[in-house]
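Asker:
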Amino acid sequence: MIQPVLKVTNMKKAYGAIQAVGGVSFEVRPGEIFGVIGPNGSGKTTLFNSMLGQITPDEGKIELNGQDVTTLGPLELNRRGVGRTFQTLQVFGKMTVRDNLIVAAQEHSGSMFSRMFAPTDSGLGDKADALIDQFHIRHVADKKAGELSYGQQKLVDIAMAFMSEPDLVLLDEPCAGVNPSLVGGISTLLKELNQTRKGSFVVIEHNMDFVMDLCHRIMVMVEGQVLAIGTPDEIRANKQVLDAYLGS
Amino acid sequence: MKKLNLLFALVALAALVVVPNFLKNYGIHMFTTWLVFIIATMGLNLTVGYAGQKSLGHAAFFGIGAYTVAIFLKAGLSFWLGLPVAALFCFVVGLALGFPALRVQTIYLAFATLGFNTALWLVMRNEEWLTGGTFGINNIARPSLGGISFDGNLAYYYLVLGFTIVLALLLWGLLRSPWGKAFTALRDNAIRAESLGIDTRSYTLLSFAIGAVYAGVAGGLYASQVQFIDPALFTVGASIMMYLMVVVGGPGYFLGPVLGSAVGVVLPEWLRFAQAWYLFVFGAAVVVLMIWLPDGLLSIPDRIKARRQSRAASAARAAAGKGVKA
Numbered sequence: 000m001i002q003p004v005l006k007v008t009n010m011k012k013a014y015g016a017i018q019a020v021g022g023v024s025f026e027v028r029p030g031e032i033f034g035v036i037g038p039n040g041s042g043k044t045t046l047f048n049s050m051l052g053q054i055t056p057d058e059g060k061i062e063l064n065g066q067d068v069t070t071l072g073p074l075e076l077n078r079r080g081v082g083r084t085f086q087t088l089q090v091f092g093k094m095t096v097r098d099n100l101i102v103a104a105q106e107h108s109g110s111m112f113s114r115m116f117a118p119t120d121s122g123l124g125d126k127a128d129a130l131i132d133q134f135h136i137r138h139v140a141d142k143k144a145g146e147l148s149y150g151q152q153k154l155v156d157i158a159m160a161f162m163s164e165p166d167l168v169l170l171d172e173p174c175a176g177v178n179p180s181l182v183g184g185i186s187t188l189l190k191e192l193n194q195t196r197k198g199s200f201v202v203i204e205h206n207m208d209f210v211m212d213l214c215h216r217i218m219v220m221v222e223g224q225v226l227a228i229g230t231p232d233e234i235r236a237n238k239q240v241l242d243a244y245l246g247s
Numbered sequence: 000m001k002k003l004n005l006l007f008a009l010v011a012l013a014a015l016v017v018v019p020n021f022l023k024n025y026g027i028h029m030f031t032t033w034l035v036f037i038i039a040t041m042g043l044n045l046t047v048g049y050a051g052q053k054s055l056g057h058a059a060f061f062g063i064g065a066y067t068v069a070i071f072l073k074a075g076l077s078f079w080l081g082l083p084v085a086a087l088f089c090f091v092v093g094l095a096l097g098f099p100a101l102r103v104q105t106i107y108l109a110f111a112t113l114g115f116n117t118a119l120w121l122v123m124r125n126e127e128w129l130t131g132g133t134f135g136i137n138n139i140a141r142p143s144l145g146g147i148s149f150d151g152n153l154a155y156y157y158l159v160l161g162f163t164i165v166l167a168l169l170l171w172g173l174l175r176s177p178w179g180k181a182f183t184a185l186r187d188n189a190i191r192a193e194s195l196g197i198d199t200r201s202y203t204l205l206s207f208a209i210g211a212v213y214a215g216v217a218g219g220l221y222a223s224q225v226q227f228i229d230p231a232l233f234t235v236g237a238s239i240m241m242y243l244m245v246v247v248g249g250p251g252y253f254l255g256p257v258l259g260s261a262v263g264v265v266l267p268e269w270l271r272f273a274q275a276w277y278l279f280v281f282g283a284a285v286v287v288l289m290i291w292l293p294d295g296l297l298s299i300p301d302r303i304k305a306r307r308q309s310r311a312a313s314a315a316r317a318a319a320g321k322g323v324k325a
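For the protein sequence lines, the chains are B and C, in the order given.
Using numbering that gives the first Met the number 0, the first residue of the first sequence is number 0, and each one after it goes up by one.
Using numbering that gives the first Met the number 0, the first residue of the second sequence is number 0, and each one after it goes up by one.
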C-alpha cells in the first residue's frame, strides 16, 4: 500500500459555538492534485490553515509522509516539505522577481551561520532561472515584483511555492483575481509542474471549470463536513453535490 | 553604473581622508561626531530599515557602549578590551530586547523599546557607584595602539574613520549575503517569509542584536571622543533623533545613515546662524522632508525612475489607443 503524502484524520475545529470543521478525514496520494471545494463558510479555509500550521485543530491528526505534524507551525512544515500560496498576493514587492524566487528556497540548505557567508544568490540562480523560464516571466526577471501586473505577480507567487521543491504544495485560490485568459495558463503550468516535479498539490478554488480540469480527485465540503470525495466525473454526477453546491 | 558608484565612493573616501586636515578642532569634532552617528545609525538602519522592526531604544545601546568603555578605562583596563566587551554586552542585551518584538509589532514594539531606554537611562542616572550618576564620568582617555597615539583630535578622527569603513564593509557583506534577503523578507511580509522556511524569530532577534552592536561600538568611540559622558546623552530623545536620522536618510538604503546623520548632526550646527530659531527651522525642515519624501532622501532617484516609468507606460497606452482607432 502506498503511503499518502498527507493524511488528515477526524479533524475538528470550533470557534466558540460555531463548528467550522467537524470531523474531516481524507488523504492525498503521491503525485496527486487534490481539489477542495465548497460554498463560503464550508470550512475550507479553517481546514487549510490547520494543514499549514497556522491554527491548531481541537481534535484529530494531520500526518505528513507518515509523521504526525498536527501541532507544527508554518516554519517547521515548510522545512518538512510543505509549500504554499496565499489567497491574496504575497510577493516581496521591493525585491526583483529572481530574488523573490531565491529567497523562497535559500533557507533550505546549510545552517543559518553558513548562509551569512554564502553567495548572494545562495547558489540558486540557475534553479530560479529555470523556474522563470517555465513560468514565462523571463522578460520581468530583473524587475521589482511590486512593479508587475497582478497576473505576473500571481505567477511569481505560485513559482515561489515551488522553488524549494516541496513534496506537498497547498494552493489557496490560485485563480483569485486573475484575468480569465490567464486561468488556462495557470492550469497548464500546474499540470506541467505536477508531471515534472512529481509533487502533490492541494487546491482550494471557486472556479469550477479550473478545478474539474486540473484535479485528479476532489473533496466537497459543506458546513464543516465532507459531502463527497471522488474524481471530477464522480463529483459532477453526485446528486448531493449538485443540490448542495453546484446547483446553488 | 557600478563603475560610477565605485568612483563616487572613492571620491567620497578621499574627501573624508583629506578634508579634516584643513579643518580646525571644532570642524574635526563635527566630522568625528558625524562618523560616530553613521556607525550607530547603520545598526539602527538594519533593525528598522532592513528588518522592519520599530525601535526607539537605540540610544540605550549607545549608552551601554559608552559607559562600558568609560568604566573599563577608569578601571585602568584597555580601550581595546573595553570596546569588544561593550559590543558583546550590547549583542546580548539586544537579543533580549528582541524578544518583545516576537510578541508585539509596530507602535507597541516602539513603546516597549522606549520603555527599555527609559529603564536603562534610570540605571545610568541612579547607580552612582557604577556610572557616576548625574555627574557622569569625566577624563575618559583616548586609546593608543602599537605605539600610535590617538590622543590628538585628528588622529582620533582617523581611528573612527577606520572603524566606520570596516563596519560599513561588514554590514555591506551581511546585506549582500542571504541574510540580507531574509531581513528584507521579514520586513516586507513576515507571514510569507515564515511560510518559505525563513526563521523570522531568529532573524528578528539578530536584527536587534547586530543593530545594538553597532550602537555599542559607536557609543564606545563617542565616550573617548568627548571624554565626558553623563546620562543626558542617552535619553529617549536621543533614540528618537537616531530614528529620525534613519528615516530622513532613507530606511533600507545602505547609504541612508550617511545622509541622515549629516542632517541630524551637521545641519543643526549650520543652522546656528538662526540662533533661537534654529530648532524651529530644523524641525520645519524635517516635517517638510517627511511630507515630500516619506522614504527619505535616498528615495529621490527611485521616485524619479518610477515617474519616468509611469510616463512611459501612459505614452505606450496612448500610442496603443491611437493604433486601435486607426
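All C-beta atoms in this analysis are idealised placements derived from N, C-alpha and C, irrespective of residue type, glycine included.
Skipping 5 residues on each side, what residues in its chain have a beta carbon closer than 8 angstroms to that of R196/B?
Answerer: Sequence index remark: in the first sequence, residue 196/B carries index 197 (1-based). Excluding positions up to five away in sequence, the list reads F161 and E164.
Asker: Do you know whose CA, among R235/B, F209/B and I203/B, lies nearest P38/B's CA?
Answerer: Here residue 38/B corresponds to residue number 39 of the first sequence, with the count starting at 1. Between P38/B and the set R235/B, F209/B and I203/B, the nearest pair of CA atoms involves I203/B.
Asker: Among the candidates G97/C, V68/C, E193/C and A95/C, whose CA atom is the shortest distance from the CA of G84/C?
Answerer: Here residue 84/C refers to the residue found at position 85 when the second sequence is read from its first residue. Per the sequence shown, residue 84/C should be read as Val rather than Gly. For V84/C, the closest of G97/C, V68/C, E193/C and A95/C by C-alpha to C-alpha distance is V68/C.
Asker: Per DSSP, which residues does F33/B bridge with? Please list them.
Answerer: Taking the first sequence and counting its residues from 1, the one referred to as residue 33/B is at position 34. V201/B and R216/B.
Asker: Within the same chain, show all residues whose beta-carbon is closer than 8 angstroms to that of T84/B, passing over the 5 residues directly before and after it, in chain order.
Answerer: Position 85 of the first sequence, counted from the first residue, corresponds to residue 84/B. Hits under 8 angstroms: D156, I157, M159, A160, V168, L169, L170, D171 and P173.
Asker: Let me know if A325/C comes out buried or exposed under the rule of 16 or more other beta-carbons within 10 Å of its beta-carbon.
Answerer: Stepping through the second sequence from its first residue, residue 325/C is reached at position 326. Note that A325/C scores 43 on pLDDT, short of 50, meaning its location in the model is unreliable and no value can be drawn from it.
Asker: Does any C-beta atom of chain C lie closer than 8 angstroms to the C-beta of G92/B?
Answerer: Residue mapping note: residue 92/B aligns to position 93 of the first sequence, counting from 1. At least one chain C Cβ lies under 8 angstroms of G92/B.
Asker: For a contact defined as C-beta to C-beta under 7 angstroms, what are the partners of E193/C on chain B?
Answerer: Start at 1 with the first residue of the second sequence, and residue 193/C comes out as number 194. Per Cβ cutoff of 7 angstroms: P73 and L74.
Asker: On a Cα-Cα basis, can you pick out the residue from D229/C, F162/C and L278/C that is closest to W120/C?
Answerer: If you number the second sequence from 1, residue 120/C lands on position 121. Measuring from the Cα of W120/C, the nearest candidate turns out to be D229/C.
Asker: Checking contacts by CB at 8 angstroms: is A109/C closer than that to chain E?
Answerer: No chain E is part of this structure, whose protein chains are labelled B and C.
Asker: Grouping DSSP H, G and I as helix and E and B as strand, with all else coil, what is Q66/B?
Answerer: Locating residue 66/B in the first sequence gives position 67, where the first residue counts as 1. Q66/B: strand per DSSP, three-state reduction.
Asker: Please list the residues of the region 165 to 195 of chain C that have a C-beta atom closer than 9 angstroms to any C-beta atom in chain B, keeping them in chain order.
Answerer: G172, L173, R175, S176, P177, W178, G179, K180, A181, T183, A184, R186, D187, N188, I190, R191, A192, E193, S194 and L195
Asker: So if DSSP puts T95/B in a beta bridge, which residue, or which two residues, is it bridged to?
Answerer: What you label residue 95/B is simply residue 96 of the first sequence in a count that begins at 1. The partner list for T95/B (beta bridge, DSSP) reads K143/B.
Asker: Should N237/B go down as buried or exposed, given a rule of 16 or more other Cβ atoms within 10 Å for buried?
Answerer: Locating residue 237/B in the first sequence gives position 238, counting from the first residue. N237/B comes out buried.
Asker: From T8/B to F25/B, what does the alpha carbon distance come to, in whole angstroms?
Answerer: Residue mapping note: residue 8/B aligns to position 9 of the first sequence, counting from 1. Residue mapping note: residue 25/B aligns to position 26 of the first sequence, counting from 1. Cα to Cα, T8/B sits roughly 7 angstroms from F25/B.
Asker: Just to make sure I have the definition right: I need the residues of chain C whose C-beta is within less than 9 angstroms of the C-beta of V102/B. Which are they?
Answerer: On the first sequence, residue 102/B is found 103 positions in, with the first residue counted as 1. Under the 9 angstroms cutoff, chain C gives P177, K180, A181, T183, A184, A192, L195 and I197.
Asker: Tell me whether the beta-carbon of G248/C lies closer than 8 angstroms to the beta-carbon of L258/C.
Answerer: Your numbering for residue 248/C matches position 249 in the second sequence. Your numbering for residue 258/C matches position 259 in the second sequence. Yes; because the gap between Cβ atoms is below 8 angstroms, this pair is in contact.
Asker: By alpha-carbon positions, which one of G48/C, G97/C and Y25/C ends up nearest to D294/C?
Answerer: On the second sequence, residue 294/C is found 295 positions in, with the first residue counted as 1. The shortest Cα separation from D294/C among G48/C, G97/C and Y25/C belongs to G48/C.
Asker: Which residues share a DSSP beta bridge with F227/C?
Answerer: The residue labelled residue 227/C in the question sits at position 228 within the second sequence. None, per the DSSP bridge assignment.
Asker: Check whether the Cβ of S260/C lies closer than 8 angstroms to any Cβ atom in chain B.
Answerer: Position 261 of the second sequence, counting from 1, holds the residue named residue 260/C. Not one chain B Cβ lies under 8 angstroms of S260/C.
Asker: Determine the chain C residues that contact T87/B at a beta-carbon separation under 8 angstroms, and present them in chain order.
Answerer: Position 88 of the first sequence holds residue 87/B. Result: empty, since nearest Cβ-Cβ is about 10 angstroms, beyond 8 angstroms.
Asker: Can you pull the DSSP bridge partners for A13/B?
Answerer: Counted from its first residue, the first sequence places residue 13/B at position 14. Answer is Q18/B.
Asker: Strictly under 8 angstroms for the Cβ-Cβ distance: is H205/B near chain C by that measure?
Answerer: By one-based count along the first sequence, residue 205/B stands at place 206. Taking Cβ atoms only, chain C never reaches closer than 8 angstroms to H205/B, which makes this a no.
Asker: Roughly how far, in whole angstroms, is the beta-carbon of I131/B from the beta-carbon of L88/B, given that I think they are within contact range, below 8 angstroms?
Answerer: On the first sequence, position 132 is the one that residue 131/B refers to. On the first sequence, position 89 is the one that residue 88/B refers to. The pair is not a contact, with the Cβ atoms about 18 angstroms apart (cut-off 8 angstroms).
Asker: Where do the ends of the alpha helix (DSSP H) carrying L34/C lie?
Answerer: For the purposes of this step, residue 34/C is taken as the residue at position 35 of the second sequence. N24 to L43 is the span of the alpha helix (DSSP H), which, as asked, contains L34/C.
Asker: Measure from the C-beta of S247/B to each C-beta in chain C and report whether the shortest distance is under 8 angstroms.
Answerer: Numbered from 1 along the first sequence, position 248 holds the residue referred to as residue 247/B. Interpretation of S247/B is limited by its pLDDT of 49, a score under 50 that renders its predicted location unreliable; no figure is taken from the coordinates.
Asker: Between T332/C and V264/C, what straight-line distance do the alpha-carbon atoms span, to the nearest angstrom?
Answerer: With chain C running from 0 to 325 in the structure shown, residue 332/C is simply not present.
Asker: Less than 8 angstroms between the CB atoms is what I'm expecting for C214/B and G42/B, so what's the real figure, rounded?
Answerer: On the first sequence, position 215 is the one that residue 214/B refers to. On the first sequence, position 43 is the one that residue 42/B refers to. Between G42/B and C214/B the Cβ distance is about 18 angstroms, and since that is not below 8 angstroms, they are no contact.
Asker: Compare the C-beta of Q18/B against all C-beta atoms of chain C and say whether one is closer than 8 angstroms.
Answerer: Along the first sequence, read from residue 1 onward, the residue named residue 18/B stands at position 19. Judged by the 8 angstroms Cβ criterion, Q18/B is not in contact with chain C.
Asker: Under DSSP, the beta strand (DSSP E) around D171/B begins and ends at which residues?
Answerer: The sequence position of residue 171/B within the first sequence is 172, counting from 1. Start and end: L167 to D171.
Asker: Using CA atoms only, rank isn't needed, just tell me which of F98/C, S201/C, P99/C and F60/C is closest to L82/C.
Answerer: To locate residue 82/C, count along the second sequence from 1; it is residue 83. Comparing Cα-Cα distances from L82/C to each of F98/C, S201/C, P99/C and F60/C, the minimum goes to F60/C.
Asker: State yes or no: is the beta carbon of S201/C nearer than 8 angstroms to at least one beta carbon in chain B?
Answerer: As a position in the second sequence, residue 201/C is number 202, starting the count at 1. Yes, its Cβ sits closer than 8 angstroms to a Cβ of chain B.
Asker: Quick one: is D232/B buried, meaning 16 or more other Cβ sit within 10 Å of its Cβ, or exposed?
Answerer: Along the first sequence, one-based indexing puts residue 232/B at 233. Burial call: exposed.
Asker: Among all the DSSP beta bridges, which residues are the ones paired with K60/B?
Answerer: Residue 60/B sits at position 61 when you count from the first residue of the first sequence. For K60/B, the pairing in a beta bridge is given by DSSP as T8/B.
Asker: Taking the beta strand (DSSP E) that L254/C belongs to, which residues open and close that run?
Answerer: By 1-based counting over the second sequence, the position of residue 254/C is 255. Careful: L254/C lies outside any beta strand (DSSP E) and carries neither H nor E.
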